[in-house]
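S.K.: I have a structure here, written as C-alpha cells, and I will follow up with some questions on it.
Protein chains: 4
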Amino acid sequence: MSQYRVLIDANDEKGLVHKVSTVFYKHDLNILSNNEFVDKENNKFFMRSVVDGDIDAGELERSILEVLPKHANVDVIEPKKKNIILMVTKEMHALGDILIRHEAGELEANILAVVSNYDTLESLVSKFNIPYKTISHEGLGRSEHEDKVLEYLAGFKDIDYIVLAKYMRILTPRFVEAYENKIINIHHSFLPAFIGANPYKQAYDRGVKIIGATSHFVNNNLDEGPIISQEVIHVNHAYSWRDMQRSGKDVEKVVLSRALKLALEDRIFVYANKTVIF
Amino acid sequence: MSQYRVLIDANDEKGLVHKVSTVFYKHDLNILSNNEFVDKENNKFFMRSVVDGDIDAGELERSILEVLPKHANVDVIEPKKKNIILMVTKEMHALGDILIRHEAGELEANILAVVSNYDTLESLVSKFNIPYKTISHEGLGRSEHEDKVLEYLAGFKDIDYIVLAKYMRILTPRFVEAYENKIINIHHSFLPAFIGANPYKQAYDRGVKIIGATSHFVNNNLDEGPIISQEVIHVNHAYSWRDMQRSGKDVEKVVLSRALKLALEDRIFVYANKTVIF
Amino acid sequence: MSQYRVLIDANDEKGLVHKVSTVFYKHDLNILSNNEFVDKENNKFFMRSVVDGDIDAGELERSILEVLPKHANVDVIEPKKKNIILMVTKEMHALGDILIRHEAGELEANILAVVSNYDTLESLVSKFNIPYKTISHEGLGRSEHEDKVLEYLAGFKDIDYIVLAKYMRILTPRFVEAYENKIINIHHSFLPAFIGANPYKQAYDRGVKIIGATSHFVNNNLDEGPIISQEVIHVNHAYSWRDMQRSGKDVEKVVLSRALKLALEDRIFVYANKTVIF
Amino acid sequence: MSQYRVLIDANDEKGLVHKVSTVFYKHDLNILSNNEFVDKENNKFFMRSVVDGDIDAGELERSILEVLPKHANVDVIEPKKKNIILMVTKEMHALGDILIRHEAGELEANILAVVSNYDTLESLVSKFNIPYKTISHEGLGRSEHEDKVLEYLAGFKDIDYIVLAKYMRILTPRFVEAYENKIINIHHSFLPAFIGANPYKQAYDRGVKIIGATSHFVNNNLDEGPIISQEVIHVNHAYSWRDMQRSGKDVEKVVLSRALKLALEDRIFVYANKTVIF
Numbered sequence: 033m034s035q036y037r038v039l040i041d042a043n044d045e046k047g048l049v050h051k052v053s054t055v056f057y058k059h060d061l062n063i064l065s066n067n068e069f070v071d072k073e074n075n076k077f078f079m080r081s082v083v084d085g086d087i088d089a090g091e092l093e094r095s096i097l098e099v100l101p102k103h104a105n106v107d108v109i110e111p112k113k114k115n116i117i118l119m120v121t122k123e124m125h126a127l128g129d130i131l132i133r134h135e136a137g138e139l140e141a142n143i144l145a146v147v148s149n150y151d152t153l154e155s156l157v158s159k160f161n162i163p164y165k166t167i168s169h170e171g172l173g174r175s176e177h178e179d180k181v182l183e184y185l186a187g188f189k190d191i192d193y194i195v196l197a198k199y200m201r202i203l204t205p206r207f208v209e210a211y212e213n214k215i216i217n218i219h220h221s222f223l224p225a226f227i228g229a230n231p232y233k234q235a236y237d238r239g240v241k242i243i244g245a246t247s248h249f250v251n252n253n254l255d256e257g258p259i260i261s262q263e264v265i266h267v268n269h270a271y272s273w274r275d276m277q278r279s280g281k282d283v284e285k286v287v288l289s290r291a292l293k294l295a296l297e298d299r300i301f302v303y304a305n306k307t308v309i310f
Numbered sequence: 033m034s035q036y037r038v039l040i041d042a043n044d045e046k047g048l049v050h051k052v053s054t055v056f057y058k059h060d061l062n063i064l065s066n067n068e069f070v071d072k073e074n075n076k077f078f079m080r081s082v083v084d085g086d087i088d089a090g091e092l093e094r095s096i097l098e099v100l101p102k103h104a105n106v107d108v109i110e111p112k113k114k115n116i117i118l119m120v121t122k123e124m125h126a127l128g129d130i131l132i133r134h135e136a137g138e139l140e141a142n143i144l145a146v147v148s149n150y151d152t153l154e155s156l157v158s159k160f161n162i163p164y165k166t167i168s169h170e171g172l173g174r175s176e177h178e179d180k181v182l183e184y185l186a187g188f189k190d191i192d193y194i195v196l197a198k199y200m201r202i203l204t205p206r207f208v209e210a211y212e213n214k215i216i217n218i219h220h221s222f223l224p225a226f227i228g229a230n231p232y233k234q235a236y237d238r239g240v241k242i243i244g245a246t247s248h249f250v251n252n253n254l255d256e257g258p259i260i261s262q263e264v265i266h267v268n269h270a271y272s273w274r275d276m277q278r279s280g281k282d283v284e285k286v287v288l289s290r291a292l293k294l295a296l297e298d299r300i301f302v303y304a305n306k307t308v309i310f
Numbered sequence: 033m034s035q036y037r038v039l040i041d042a043n044d045e046k047g048l049v050h051k052v053s054t055v056f057y058k059h060d061l062n063i064l065s066n067n068e069f070v071d072k073e074n075n076k077f078f079m080r081s082v083v084d085g086d087i088d089a090g091e092l093e094r095s096i097l098e099v100l101p102k103h104a105n106v107d108v109i110e111p112k113k114k115n116i117i118l119m120v121t122k123e124m125h126a127l128g129d130i131l132i133r134h135e136a137g138e139l140e141a142n143i144l145a146v147v148s149n150y151d152t153l154e155s156l157v158s159k160f161n162i163p164y165k166t167i168s169h170e171g172l173g174r175s176e177h178e179d180k181v182l183e184y185l186a187g188f189k190d191i192d193y194i195v196l197a198k199y200m201r202i203l204t205p206r207f208v209e210a211y212e213n214k215i216i217n218i219h220h221s222f223l224p225a226f227i228g229a230n231p232y233k234q235a236y237d238r239g240v241k242i243i244g245a246t247s248h249f250v251n252n253n254l255d256e257g258p259i260i261s262q263e264v265i266h267v268n269h270a271y272s273w274r275d276m277q278r279s280g281k282d283v284e285k286v287v288l289s290r291a292l293k294l295a296l297e298d299r300i301f302v303y304a305n306k307t308v309i310f
Numbered sequence: 033m034s035q036y037r038v039l040i041d042a043n044d045e046k047g048l049v050h051k052v053s054t055v056f057y058k059h060d061l062n063i064l065s066n067n068e069f070v071d072k073e074n075n076k077f078f079m080r081s082v083v084d085g086d087i088d089a090g091e092l093e094r095s096i097l098e099v100l101p102k103h104a105n106v107d108v109i110e111p112k113k114k115n116i117i118l119m120v121t122k123e124m125h126a127l128g129d130i131l132i133r134h135e136a137g138e139l140e141a142n143i144l145a146v147v148s149n150y151d152t153l154e155s156l157v158s159k160f161n162i163p164y165k166t167i168s169h170e171g172l173g174r175s176e177h178e179d180k181v182l183e184y185l186a187g188f189k190d191i192d193y194i195v196l197a198k199y200m201r202i203l204t205p206r207f208v209e210a211y212e213n214k215i216i217n218i219h220h221s222f223l224p225a226f227i228g229a230n231p232y233k234q235a236y237d238r239g240v241k242i243i244g245a246t247s248h249f250v251n252n253n254l255d256e257g258p259i260i261s262q263e264v265i266h267v268n269h270a271y272s273w274r275d276m277q278r279s280g281k282d283v284e285k286v287v288l289s290r291a292l293k294l295a296l297e298d299r300i301f302v303y304a305n306k307t308v309i310f
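Below is the structure:
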C-alpha cells in the first residue's frame, strides 16, 4: 500500500472530476482528501487528491493523463522528505525558526546546507550539524558571486527548494531560471506595498497602521513573484521603524515557515503569477 | 437551464465522489464548484456541489440517492430568497446591519417580520417597511410569552431561518425543537468562554486581552449549540467593560451577518453539535 | 464643572509634562486620562488630556500656552456633537453603517446632510430624515461640479468633518485646501498598495492573500493622505475580485466608522503626513 | 548618566502626575517615555516612566515616595539582563523560540538553566551551552519531585523569572508562593476557555472556529492567573485536533515570547488578578 499526492492542472472541461475519480475508483484507491478549483477567468482546472492503494506511481500518472484533455499536467508524488537549501545573510530569526522546526521533526525536509555571503550565522548552524558555506561577495561582481553559489549548489544532486531566509541579495535571472518556482523568499512587507530596500523604513515614513510580511516564489521582477502567504500585525505612532522591524520579525518567520510547509506538502500550484493553494 | 446547490451527507465509503460525479456527468451537468470533506473520526462524508444543467430538481435528487449508501441525505436546492424572521430586544447594531444589507440587496432573503419583547426598535424597522411585532413579556411567564411568539410565527407559511439579533431572552426547548437548526444566535463572547449573562463584564473581570463574538445555531443548552463563525478583537487594561461592550458590537454584527450569509447560501452542515462549512 | 479635552503639540523640551500637569494642578483640575508621545525623530511632543473642573476653556488654554515653548498649539475642546457632511456615490454599506450608528446614538455627531453625484441613495437617507442633496456631475467639468458642491456646503455655518463614505470622485486641491484635515476618506485597499481605481481588481490580479481597507485624511495626492486606521482580511485563490469586493465591504465600513469615531472624540493629531492617535 | 525605568502604583488622588513629574523636573531628568493609567473601579493609579539623568536610583526612589500617598509602591529599575530559568517537558517549539531569541541577542536575559522532568530536550539545549537539568518525576510524589526542583533552583542566587515553556506539570501552592508573580506560563488555549488538560481536544470537540494561546502569571488556581498576552488563529471543520495542536504551536511560542519580553522590559503591573501593561 502506497500513499500518493496527485496534482492535476488542465484546461477545464465538463466531467474532469468524474473522469479522475473514475480512475481512482477503478484502481480501488481510497481518497483521503480531495480539492478542486476552477479558475473561470482562465478556464483552468486544478485538483489535488491524496489517495492510497496498491498501484505504481507511474501507472497511476499514465492512467490519469489518458482521461485528461491535451496539455494537462499530472504529478503523482510519493510523500517523502524533500531536499532544501537555505540561503541567509546575517539575521537569525527566520533561519532559527526553520532550524528548530527541522530539529523538532516538524519539516518534511532534509536541510542539505546553509549558504550565506557572510559567516555570521555559521556558529548557529554548526550547532545543528548542518553544512554552512560562506561565499563572500566582497570584491566580486553580482555575476561572479552567483557563479560561485551556483557552482556550490551544483554539487548537490537533487534540490527541491531553495529558501531565502532573509538573503539580502538580488538574484539574477540566470539563477532564478535555473530554479524556477523552486525559490521561496520572505519579503518583509505586505506586498505589493513597499517593494525593495528597507520596507520598514518605508512603512514608518508612510505612517501605516499595519505592517506585514509576504512569502513568495522568486521570479525576475523584484518582489513580484507569486505570493504564497501573507500575515500582518497592527502598529501605531509609537513604533519607530526599528520597533517595526523587531515586531515584524515574528511575522516574517511564521510566514516563511508556513510557505515552506505548504511547499513541502505539495499544496501549491503556480500559474499566471499567482498561487492556488489546497 | 437551472442552477442547483447539491448537499450530500452520508456514511463514508470508497467511491462516493466517483459515484456522485458520474451522476452529474450522465445528466450533462456543469459543476460550478465542488467541496468534499470526510470526518474520519465519525466516518462521515460531506459534499456540496453547485451545478447547472437541464434537469428537474426531484429527478436529480433521486438519481443521487440511488448511488449513495443507506441513510444518506441529499438536498437539491434551487437558489432563491429565503424567508427569515428577526428577533431582537433593544440593541440596534446587529439588527441595523442586517436591515442595511437587506436594503442593499446583499442578502438572499425576505425579512418577513421583526419580533421583539420591546417596542424600542419599531421606529427603525418601520422605516424599512418591514412588519414589527412587539410581544411584551411583562407580566407573563416564559412559557406564556413564548406561546404568543410561537402563535405569531405560526402565521407565516414558511420560515427558513430565525435570526436572534441580540434577542436577550432564553428560548425554551419547545421553541428550539420547533425550529431545529433554523435559529441562528449571536453570543457576545468567544464561546465557550463566558457563557450566559453579561459576558463583557465577565471578560473584564477576568482581565482578558482579547474579546470576541460567536454565531451559532441554538440548541437546548444555553450558548452550546453548533458554532458557525467567530471573530475577535484585541483589548487592553484601559478598556472598561462598557468599552469592551462598545467595541464588541462591531464584531457581533459582522459575525452574525457572516453566519446568516452562510446559511442563506446553504453552505452549512450541522452534525455532532458542530458545523461543516463550505 | 466642565469636562475638556486638551490637545497639545509642541517642540519637545525637558519638563513639558511637569509644566502642563502643574497648570492642571493649580487650577484644581481632575485628570481623567492622559497620553503623551514624543516623536524623537522630529523632536515633537504630543499630549492629550481629559480633565474636569471649574474653569473657563479660554482661560485654561491661555494658562497652558504660557508654559509651553514657542509655536506650540493648544486646543481646549468641550465635548459636544460635531457637525458632519457625508459624501457618497452609489454604494450603501459605508453610508448605512454610519446612519445606523447615528440612529443608535453611538456617534457624537449631527449629520447635516448627505451629498452625492447620484440620487441612488436618496431613498435610504430620507428614511432617517436627513437632507440628501444630489449634485450630478453629468455634463460638467470636474471644477464646475465641485463649484456646485462647494456652494452647497457653504450654506452650512459650521462643518467639522466631511466623510467620504465611498465617494468615487477625486477632489481638486481647491476643495481639499478648503477643508484641510477635515476630510476623511475610506480607500478600499491596504494603502499604499493599490492606489487608484478598482483596487480589488488590482489585488486579484496580483494574487494577494490578504486584502484591506484604509481610512485617511485627504490631501492633494491621491490616496496619500495621513492614515488613520487600517484593517485586513484573509482571502485565497477561490476569491474572484467581485468576492474580494463583497468581503472587503465589511472591512471598509468598520475602518471608516472607527476613523470617524476617533475624529469625533478629538483623538487624532496630524503632522508630517502621519497621525498620532491617543 | 543613567537610565531608569520607574514603576509606580498608588491609590489614586488628584495631582499624582504633577507631583511625580515635578520630582523628575527638579532632578533634571529627561523623560524618554511616560504612561499612566487610572483604574477608576479600584481607584488605583499606575505609572511607568523611562527617564535618564544624573542621579542615584535609591535617591530617586526616595524622592518619589515622598510625594506619593501612603501604601504606594515605587520601583526604580536600571535596565540590565534579568536572570531566568526555563522549565520544559518534551515539546521543542516554545523552548526553541526562546533559545534562538537568546542566541540572537533579542532578549534582555541570561538563561541560567533549563529544568525538565525528561531528558528529551537536553540535546537541543546543550548545543547552546546552557545547563540542562533533568529532574525526573518517575516514582516520586508531586511534593517530593518539587522539593528536588526547588532545591536545584535554590542554588541560583537571583532568579527574576521562571518561564514554563510547556512544562506539563501542575505546580503546588508552595512553589507558586515562593516565586509569586515571577512564573510565566503559556497555556495552549484562549483562556478562560478550555482550562486544564488537552485544550486542543476540547476545542475540537466543541467545534470552535478559532483557537488561541494565553500567557499568564501562575497563581494557585490552575490556568487562572493574571493574563499577560493572548493570540488566536482561525481554524475550520477540516482541522483534526492534531492539526489544531500543530497550528497552535506557532501561536503558543509567539505569545510566550511576547509575554517574556514584556516582563524583561518591566512593562507589567499585576493587581486584582489582572495585568496593566505599558
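Residue numbers (this note's numbering), protein chains in the order written: chain A, 33 to 310; chain B, 33 to 310; chain C, 33 to 310; chain D, 33 to 310. No residue lacks a Cβ here, since even glycine has one placed at the ideal position from N, Cα and C. Just so you know, these numbers come straight off a predicted model, no measurement behind them.
#1: I'd like to know whether the C-beta atoms of Lys-112 of chain A and Glu-135 of chain A end up nearer to each other than 9 Å.
#2: Rounded to whole angstroms, what is the Cα-Cα separation between Gly-244 of chain B and Lys-46 of chain D?
#3: Taking C-beta pairs closer than 7 Å, name the residues in chain A that Ser-53 of chain B reaches, listed in chain order.
#4: Closer than 9 Å, Cβ to Cβ, to anything on chain A: give me those residues from the segment 118 to 140 of chain D, in chain order.
#5: Would you decide whether Glu-68 of chain C is buried or exposed? Buried here means 16 or more other CB atoms lie within 10 Å of its CB.
#6: To which residues does DSSP link Gln-35 of chain A through a beta bridge?
#7: I want to see whether chain B comes within less than 9 Å of Asn-66 of chain A, judged by CB atoms only; does it?
#8: Are the beta-carbon atoms belonging to Leu-223 of chain B and Ala-225 of chain D less than 9 Å from one another?
#9: Determine whether the beta carbon atoms of Ile-194 of chain B and Ala-104 of chain B lie at a separation below 9 Å.
#10: Are the Cβ atoms of His-50 of chain B and Thr-54 of chain A separated by less than 9 Å?
#11: What first and last residue would you give for the beta strand (DSSP E) that runs through Gly-244 of chain A?
#12: Would you say Ser-272 of chain D reaches chain B, if we count a Cβ-Cβ gap shorter than 9 Å as a contact?
#13: Indicate whether at least one CB of chain B lies closer than 9 Å to the CB of His-347 of chain A.
#14: Specify the secondary structure class of Ser-221 of chain A as computed by DSSP and reduced to three states.
#15: With Phe-301 of chain A as the anchor, note down where its beta strand (DSSP E) starts and where it stops.
#16: Count the other C-beta atoms from every protein chain shown that fall within 10 angstroms of the C-beta of Leu-288 of chain D, then say buried if there are 16 or more, exposed otherwise.
#17: Please report how far the alpha carbon of Glu-209 of chain C lies from the alpha carbon of Glu-73 of chain D, in whole angstroms.
#18: Shortest alpha-carbon distance to Asp-71 of chain A belongs to which of C:Asn-268, C:Gly-85, C:Asp-44?
#19: Excluding the 5 residues preceding and the 5 following Glu-263 of chain A in the sequence, name in chain order all residues of the same chain whose CB lies nearer than 7 Å to its CB.
#20: With three or more C-beta pairs closer than 8 Å as the rule, is the segment 79 to 95 of chain A touching the segment 83 to 100 of chain D?
#21: Applying the 10 Å Cβ sphere with the 16-neighbour rule, what's the burial state of Pro-163 of chain C?
#22: Looking only at its own chain, which residues have a Cβ that is under 7 Å from the Cβ of Lys-233 of chain C, when we skip the five neighbours before and after it?
#23: Quick one: is Tyr-57 of chain B near chain A, going by C-beta distance under 9 Å?
#24: Report the CB separation of Met-124 of chain D from Val-147 of chain D in whole angstroms; it is logged as a contact under 8 Å.
#25: For Ile-260 of chain D versus Arg-290 of chain D, is the C-beta distance shorter than 9 Å?
#26: By the three-class DSSP mapping on this structure, what secondary structure does Thr-166 of chain C have?
#27: In this structure, how does DSSP classify Thr-5 of chain A when only helix, strand and coil are distinguished?
#28: At 4 residues or longer, and completely inside the segment 40 to 108 of chain D: list those alpha helix (DSSP H) runs for me, N to C.
M.R.: A quick look at the data gives this:
#1: Taking the first residue of the first sequence as 1, we reach residue 112 of chain A at position 80. Taking the first residue of the first sequence as 1, we reach residue 135 of chain A at position 103. Not closer than 9 Å, so no.
#2: Against the second sequence, residue 244 of chain B aligns to sequence position 212. Against the fourth sequence, residue 46 of chain D aligns to sequence position 14. About 35 Å.
#3: Position 21 of the second sequence, counting from 1, holds the residue named residue 53 of chain B. Those are Val-49, His-50, Ser-53, listed as they occur along chain A.
#4: Glu-123, Met-124, His-125, Leu-127, Gly-128, Asp-129, Leu-131, Ile-132, Arg-133, Glu-135, Ala-136, Gly-137, Glu-138
#5: The residue you call residue 68 of chain C lines up with position 36 of the third sequence. Glu-68 of chain C comes out buried.
#6: For the purposes of this step, residue 35 of chain A is taken as residue 3 along the first sequence, with counting starting at 1. For Gln-35 of chain A, which the question treats as bridged, DSSP gives the partners A:Asp-84.
#7: Here residue 66 of chain A corresponds to residue number 34 of the first sequence, with the count starting at 1. Yes - at least one Cβ of chain B is within 9 Å of the one on Asn-66 of chain A.
#8: Numbered from its first residue, the second sequence carries residue 223 of chain B at position 191. Numbered from its first residue, the fourth sequence carries residue 225 of chain D at position 193. Yes; because the gap between Cβ atoms is below 9 Å, this pair is in contact.
#9: Looking up residue 194 of chain B in the second sequence gives position 162. Looking up residue 104 of chain B in the second sequence gives position 72. Their beta carbons are not under 9 Å apart, which means Ile-194 of chain B does not touch Ala-104 of chain B by this criterion.
#10: The residue you call residue 50 of chain B lines up with position 18 of the second sequence. The residue you call residue 54 of chain A lines up with position 22 of the first sequence. Yes, they are a contact pair.
#11: In the first sequence, residue 244 of chain A corresponds to position 212, counting from 1. 242 to 249 is the span of the beta strand (DSSP E), which, as asked, contains Gly-244 of chain A.
#12: Counted from its first residue, the fourth sequence places residue 272 of chain D at position 240. So, interface residue.
#13: No answer is possible for residue 347 of chain A: it lies beyond the span of chain A, which begins at 33 and ends at 310.
#14: On the first sequence, position 189 is the one that residue 221 of chain A refers to. In the structure shown, Ser-221 of chain A sits in coil (DSSP, three-state: anything other than H, G, I, E or B).
#15: On the first sequence, position 269 is the one that residue 301 of chain A refers to. From DSSP, the beta strand (DSSP E) with Phe-301 of chain A extends over 300 to 303.
#16: Translated into positions along the fourth sequence, residue 288 of chain D becomes position 256. Per the 10 Å Cβ criterion, buried.
#17: Residue numbering aside, residue 209 of chain C sits at position 177 when the third sequence is read from its first letter. Residue numbering aside, residue 73 of chain D sits at position 41 when the fourth sequence is read from its first letter. One C-alpha to the other measures close to 45 Å.
#18: Position 39 of the first sequence, counted from the start, is the residue given in the question as residue 71 of chain A. Ranking C:Asn-268, C:Gly-85, C:Asp-44 by Cα distance to Asp-71 of chain A puts C:Asn-268 first.
#19: For the purposes of this step, residue 263 of chain A is identified with residue 231 of the first sequence, where counting begins at 1. The answer, listed in chain order, is Gly-244, Ala-245, Val-283, Val-286, Val-287.
#20: no
#21: For the purposes of this step, residue 163 of chain C is identified with residue 131 of the third sequence, where counting begins at 1. Exposed is the call here.
#22: What you label residue 233 of chain C is simply residue 201 of the third sequence in a count that begins at 1. Excluding its 5 nearest sequence neighbours in each direction, Lys-233 of chain C has C-beta neighbours in its own chain below 7 Å: Trp-273, listed in chain order.
#23: As a working mapping, residue 57 of chain B is identified with position 25 in the second sequence. Yes, Tyr-57 of chain B counts as interfacial toward chain A.
#24: Translated into positions along the fourth sequence, residue 124 of chain D becomes position 92. Translated into positions along the fourth sequence, residue 147 of chain D becomes position 115. Not quite, the Cβ-Cβ distance comes to about 15 Å (not below 8 Å), so this is no contact.
#25: In the fourth sequence, counting from the first residue as 1, residue 260 of chain D sits at position 228. In the fourth sequence, counting from the first residue as 1, residue 290 of chain D sits at position 258. Their beta carbons are under 9 Å apart, which means Ile-260 of chain D touches Arg-290 of chain D by this criterion.
#26: Residue mapping note: residue 166 of chain C aligns to position 134 of the third sequence, counting from 1. Three-state DSSP puts Thr-166 of chain C in a strand.
#27: Nothing about residue 5 of chain A can be reported from this structure: the residues present for chain A run from 33 to 310 only.
#28: Fully enclosed alpha helix (DSSP H) runs of no fewer than 4 residues occupy 48 to 58, 89 to 99 of the segment 40 to 108 of chain D, in order along the chain.
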